[in-house]
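**Student:** If you scroll down you'll find the structure; I have some questions about it.
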Amino acid sequence: MSKAIRFAETGGPDVLTLEDVPQPEPGPGQIRVNNRAIGLNYIEIYFRSGVYPVPSLPSGLGTEGAGVVDATGDDVTDFQVGDRVAYAQAPLGAYAEQHVLPAEKAMRLPGPVDFETAAATMLKGLTVQYLLRQTYPVRAGETILFHAAAGGVGLIACQWAKALGVKLIGTVSGPEKAQLAMDHGAWATINYKEENIVERVRELTGGDMVPVVYDSVGKDTWETSLDCLQKRGLMVSFGNTTGPVSGVNIGILNQKGSLFVTRPSLAGYADTRPRFEAMCGELFEMLASGAIKADINQRFPLAEVAKAHEALATGKTTGSTVLLP
Ligand SMILES: NC(=O)c1ccc[n+]([C@@H]2O[C@H](COP(=O)([O-])OP(=O)(O)OC[C@H]3O[C@@H](n4cnc5c(N)ncnc54)[C@H](OP(=O)(O)O)[C@@H]3O)[C@@H](O)[C@H]2O)c1
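FYI, the numbering for the sequence shown is 146 to 470, going by this note's numbering.
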């Protein structure tokens, strides 16, 4: 038997229960990973609470982890038992001692990258890779706005932007988070509880505003973010922390300056093995060089996953959170 977090109905953190399940067996093209660390991501709150549908209930949860391959299915040639790997975008069920996933979702870990670092940065780091390097390829000297800058994705974005010579303005909910973002390379921060985001962006940019806004907050910041953009700027709406953006009148893009908008996802960028490998290659290089460090500011035993969800959902975490089986 093996231990796994399961939920039979959607709801609050307490629907998550630790259960004994039969050891999962890999089928053709699949590997089984003995997880050493599991990544916690906001998307799992959407699945648990019902904002995003799960394929069926009862269900496992989690798509990201790192550990050691302990079994391979038929037709798996790229991985062997004993390989150190990390994975993201696996089928739900990573919150477990063991997870079975398609081999194509895993990458062998380079020596310098440890399991906790990999679990803390794979999904979030690949997200920052596509946001800053593909969706809107930022250029040295540019000033950009990035919401939730002290969060898991946010602190990686601060470091990556700094490494590229980009001036990242990060929004945060308080002074400690502001300090943390600055310590990780943000150029400036805006405490949105006390300051007006649009006015501060205007001041900080000398009236120029920004060419791109990366917004994972969703509903609450949609219009504010559009107001921070230069003419023909790009709104990258990549998350729903305060609820999805819906019912948009497309004419608003015209009124606010012939703006562009995109709603991207990691799945839409790391959609082929070559693209996934190239993105991982860049991320692992940033980690190995020390340009990006994992900020694992919360660790929870797997059995305490409900506490981890509660902390993430209420904005009490900073940086990344990992679950330890
Ligand atoms: N599209 C994609 O490919 C993709 C991939 C990864 C993540 N995401 C999205 O990126 C966002 C960040 O993910 P993460 O896992 O790194 O989480 P996170 O940023 O560590 O946590 C969410 C943060 O959002 C901020 N926030 C603002 N309003 C909030 C509210 N009403 N309630 C709770 N928090 C609020 C909080 O920071 P403050 O206290 O500073 O406000 C909080 O720490 C999520 O929306 C996630 O879905 C999207």
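Idealized CB from N, CA, C, for every residue including glycine.
#1: State yes or no: is the C-beta of Val482 within less than 8 angstroms of the C-beta of Leu309?
#2: Within the present structure, is the beta-carbon of Thr407 separated from the nearest heavy atom of ligand 1 by less than 7 angstroms?
#3: Could you please give the first and the last residue of the uninterrupted beta strand (DSSP E) stretch that includes Pro446?
#4: Report yes or no: do the stretch 239-258 and the stretch 174-187 share at least 3 C-beta pairs separated by less than 8 angstroms?
#5: In three-state terms, what does DSSP make of Thr334?
#6: With a floor of 3 residues, list each beta strand (DSSP E) that falls wholly inside the stretch 202-261, ordered by position along the chain.
#7: If I follow the unbroken alpha helix (DSSP H) through Arg418, where does it start and stop?
#8: Please determine whether the Cβ atom of Asn442 lies at a distance below 7 angstroms from any heavy atom of ligand 1.
#9: Return the bridge partner residues of Lys148 from the DSSP annotation.
#10: CB of Leu277 to nearest heavy atom of ligand 3: below 7 angstroms?
#11: May I have a chain-ordered list of the alpha helix (DSSP H) segments no shorter than 4 residues that lie completely inside the stretch 342-428?
#12: Per DSSP, which residues does Gly315 bridge with? Please list them.
#13: For Pro470, I'd like the list of residues in its chain whose CB is within less than 6 angstroms of its CB, leaving aside the five on either flank, ordered along the chain.
#14: Does ligand 1 have a heavy atom nearer than 7 angstroms to the CB of Ser201?
#15: To the nearest angstrom, how far is it from the Cα of Tyr275 to the Cα of Glu422?
#16: Quick one: Cα of Lys323 to Cα of Thr316, how far?
#17: In angstroms, rounded to a whole number, what distance separates the CA positions of Leu404 and Ser382?
#18: Please classify Ala285: does DSSP put it in a helix, a strand, or coil?
#19: Which residue comes first and which comes last in the beta strand (DSSP E) that contains Ala182?
#20: Give the DSSP-derived three-state secondary structure of Leu309 in the structure shown.
#21: For Gly378, which option in Trp367, Lys364, Leu398, Asp365 has the closest C-alpha, if you only look at C-alpha atoms?
#22: Looking at Thr262 and Leu432, is the spacing between their C-beta atoms short of 8 angstroms?
#23: In the structure shown, what three-state DSSP assignment does Val467 receive?
#24: Closer than 8 angstroms is the cut-off here; do at least three beta carbon pairs connect the stretch 203-218 with the stretch 226-234?
**Tutor:** Let me lay it out:
#1: Residue 482 is absent from the structure shown; the chain starts at 146 and stops at 470.
#2: Not so, every heavy atom of ligand 1 lies at least 7 angstroms from the Cβ.
#3: Element bounds for Pro446: 441-446.
#4: Judged by Cβ distances under 8 angstroms, the stretch 239-258 makes contact with the stretch 174-187, as three or more pairs qualify.
#5: Thr334: strand per DSSP, three-state reduction.
#6: Counting only runs of 3 or more, we get 210-217, 229-232, 243-247, 251-253.
#7: Start and end: 418-434.
#8: No, Cβ of Asn442 sits at least 7 angstroms from all heavy atoms of ligand 1.
#9: Checking the DSSP bridge columns, you'll see Lys148 partnered with Asp165.
#10: By its list of ligands, the structure shown excludes ligand 3, since it contains just ligand 1.
#11: For the stretch 342-428, the full-length alpha helix (DSSP H) segments reaching 4 residues or more read 342-349, 367-372, 396-400, 411-414 along the chain.
#12: Beta-bridge partners assigned by DSSP to Gly315: Phe291, Thr334.
#13: Within the same chain, Pro470 has close Cβ partners Asn180, Glu242, Leu447.
#14: It does not: the Cβ of Ser201 is nowhere closer than 7 angstroms to a heavy atom of ligand 1.
#15: Using only the alpha carbons, I get a separation of about 13 angstroms.
#16: Residue identity differs from the one stated: residue 323 is Ala in this sequence, not Lys. Approximately 8 angstroms, taken between the alpha carbons.
#17: CA-to-CA, the gap between Leu404 and Ser382 works out to about 13 angstroms.
#18: Correct three-state label for Ala285: coil.
#19: Per DSSP, Ala182 belongs to the beta strand (DSSP E) from 175-184.
#20: The answer is coil: DSSP assigns Leu309 none of H, G, I, E or B.
#21: Selected option, being the one with the closest Cα: Leu398.
#22: Yes.
#23: Looking at Val467 - three-state DSSP - the assignment turns out to be strand.
#24: The stretch 203-218 makes contact with the stretch 226-234, as at least three CB pairs between them are under 8 angstroms.
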